[in-house]
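Q: According to our numbering, the sequence shown is numbered sequentially starting from 30. Glycine included, C-beta positions come from ideal geometry on N, C-alpha and C. Have a look at this one before I ask anything.
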Amino acid sequence: MNSSNEADKRSAALRAVEHVQSGMVLGLGSGSTARHATEAIGWRLREGSLTRITAVPTSNDTAALAQGLGIPLIDLSADGVDLAIDGMDEVTPYLDAIKGLGGALAREKIVATGAKTFILVGDGRKRVERLGERSPVPVEVLPFGWRRTLRLLEELGTHPELRSLDGSPVRTDNGNLIIDCRISVEIDPEEFALGLSRQPGVVEHGLFLGLADLAYVAEQGEISLLRREA
């Protein structure tokens with residue numbers, strides 16, 4: 030890991046944590062950048078500048094990290110969370126994002142859509158003009174009939190590939206599979222998201238459109254704040 034990129038991730042995450050207030054219910058994101066935010070929240074709890082915090086983790090890894098830091102965890106209630114902080118794999122100037130290359134996209138989206146405020150954090154490499162420039166769109170699919178689902182995703186104009194590690198399919202915390210879909214920048218993300226949601230084998234996709242309220246992006250020590258246009 031490039032040390033400057035890691036420092037930028039941490040800087041962006043720490044800026045987002047400044048929005049956390051005592052008494053909040055938080056959504057804790059997954060991945061390397063969100064980890065910095067979770068660690069900062071745990072540190073603030075230990076030294077007493079935050080109190081009465083409860084949190085909903087978006088992955089088993091995040092849950093284990095938070096428990097080790099002494100952050101009280103709860104199930105996601107019908108009321109959602111006050112604030113969710115998570116990383117991104119791509120983000121546009123309009124705060125549309127691709128998320129979920131770490132495999133936690135379904136839980137991340139459930140928490141993000143239930144957040145009163147949703148903040149993205151990341152380093153400058155994640156900024157793009159159009160989604161799909163650098164990252165594939167991860168799609169969580171049911172194991173049953175996954176080859177048929179892959180064919181349907183291909184018919185949407187993508188280049189889908191089942192994610193595997195050491196020759197075995199990668200499983201999500203939900204026990205499902207992930208198909209990574211390379212898309213052309215000419216594909217309209219909203220139309221593509223709608224097409225994905227119509228496929229019967231698709232559980233969730235990594236297009237986070239119109240969800241984020243703010244994004245902190247750090248590059249070479251400089252932090253930019255992106256806001257969604259009203």
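1. Would you mind sorting VAL214 into buried or exposed? The rule is 16 or more other CB atoms within 10 Å of its CB.
2. In chain order, what residues of the same chain have a beta carbon less than 6 Å from the beta carbon of GLU184, not counting five sequence neighbours either side?
3. Given a cut-off of 8 Å on the beta-carbon distance, is the pair ILE114 and VAL46 in contact?
4. Just checking, does the segment 195–213 make contact with the segment 125–142 on the three C-beta pairs under 8 Å criterion?
5. Secondary structure at LEU240, three-state DSSP: helix, strand or coil?
6. Using DSSP's beta-bridge definition, name the partner residues of LEU115.
7. I need the straight-line Cα distance from VAL166 to GLU190, nearest angstrom please.
8. Identify, in the order they occur along the chain, each residue of the same chain with its Cβ nearer than 6 Å to the Cβ of ARG44, setting aside the five sequence neighbours on each side.
9. Tell me whether PHE173 is buried or exposed, calling it buried when 16 or more other Cβ atoms sit within 10 Å of its Cβ.
A: Let's see:
1. VAL214 comes out exposed.
2. Once the five neighbours on either side are set aside, GLU184 has no close Cβ partner at all.
3. It is a contact, given that the beta carbons lie within the stated cut-off.
4. Touching, per the Cβ criterion.
5. Correct three-state label for LEU240: coil.
6. Strictly speaking, residue 115 in this sequence is Asp, with Leu absent from that position. Per DSSP, LEU149.
7. Near 11 Å, if we compare the C-alpha coordinates of GLU190 and VAL166.
8. In chain order, TYR245 and ILE252 place their CB closer than 6 Å to the CB of ARG44, counting only its own chain and leaving out the 5 sequence neighbours on each side.
9. Result: exposed.
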